[in-house]
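The sequence shown: position 80 = 80 (this note's numbering), numbered continuously. Yeah, the Cβ is synthetic: ideal placement off N, Cα and C, and Gly gets one too. Below is one structure, written out as structure tokens; comments come after it.
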Amino acid sequence: MLRRIRSAVEGAPDAEIVRDYRGATGEPGDVELFAERVRDYKAIVHVVPRAEVAATIAEITKGRVLTVPAGFPSDMYAPSQGEADGVISTCAVAVAATGTIVLDAGPGQGTRAQTLIPDYHLCVVRDDQIVPNVPDAIARLDATRPLTWISGPSATSDIELNRVEGVHGPRTLEVVIVIG
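In structure tokens form, the structure reads like this:
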């Protein structure tokens, strides 16, 4: 087979393969676009000023007990006692164009088990963590760290294309975007 291919292309001019991929822009991401895309995934989104984050999180989590990963800012959430029914985390970076949140197990992000097993995930995203596109996100990430890319609540489709949520992660994703 390879002999036939070589024979077929013998004498053909060398073709230059252009790989003109879109690169990182280094620009900040659009908060409104990110919020819109996350909402498109059926996640609950709150955009709040820095001064209102703790009060907003307290209101959102009223009646919930959340797992708090090491390094989560203690001024944002006071853990409750009892059996956890969800998790609260920060993120490494967020992509405006796709509404994707990336965790890399850094401070406040926890392990994959902490963020993928509970039925509820509340993620805090600072506006300076939002980048325009995937190349910008990749430029900020360390590929040697465990990366978890989250685009909305967990969902899949069965063989009849019926959407099923919560199979591979939290059924409910709530995002607090901190501005200012």
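Asked	Found
Who are the near neighbours of G29 in its chain, counting only those whose CB is closer than 6 Å to its CB and skipping five residues on each side?	A96, I130, V131, P132
Using the Cβ count rule (16 or more neighbours within 10 Å means buried), how would you classify Q81?	exposed
Drop a sphere of 10 angstroms on the beta-carbon of P49, count the other beta-carbons inside from all chains shown, and report buried for 16 or more, exposed for fewer.	exposed
Nearest to C91 by CA position, among P73, Y41, A15, is which residue?	P73
Can you pull the DSSP bridge partners for H168?	DSSP output for H168 lists no bridge partner at all.
Name the two residues that bound the continuous alpha helix (DSSP H) containing R126.	It is not in any alpha helix (DSSP H) - R126 instead sits in the beta strand (DSSP E) that spans 120-126.
So for E174, helix, strand or coil by DSSP?	strand
If you follow the alpha helix (DSSP H) that T115 is in, where does it begin and where does it stop?	112-116
In its own chain, which residues sit with a C-beta less than 8 Å from the C-beta of I57, not counting the 5 before and 5 after it?	M76, Y77, I88, L122, V124, V176
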